[in-house]
Amino acid sequence: MAVLRLPLPSLCTSCGIRPVPPPAPVPFVRENLTMKALLEAGVHFGHQTRRWNPTMKKYIFTQRNGIHIIDPQTDPGDDKNVYQEMVDLVAEGGKVLFVGPKRQAKK
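For the sequence shown, this note's numbering begins at 2 and goes up steadily by one.
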């Protein structure tokens, strides 16, 4: 994953406080993707049942309270190599943008 590092000023001119650098990003390791981690991240929550896409039917496990529940164990088929493609892209200097519209994904 590409991380944008901006230079920090050595001293705030108006208040005299030295800025604290942000914490180093935690490296993403595929082995950390356990079923427990996926469920804690909320990846199994889908869209509202009235806003669903019929092509996603094979990935939907059930519905609760008007929300589709996605089966995290379902194999997306062609997406098997997405992780490796992203690793290769970043290794070549490319950038990957993750968009998380849900509150769970923003963490």
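Just so you know, even glycine gets a beta-carbon here, dropped at the ideal spot from N, CA and C.
Residue Pro73 holds the alpha-carbon nearest to the alpha-carbon of glutamate 41 among Gly67, Val83, Pro73 and Gln49. The three-state reading of DSSP puts glutamine 74 in coil, since its state is none of H, G, I, E or B.
DSSP places glycine 47 inside the beta strand (DSSP E), whose first and last residues are 46–49. Per the coordinates, the alpha-carbon of asparagine 54 lies some 21 Å from the alpha-carbon of phenylalanine 99.
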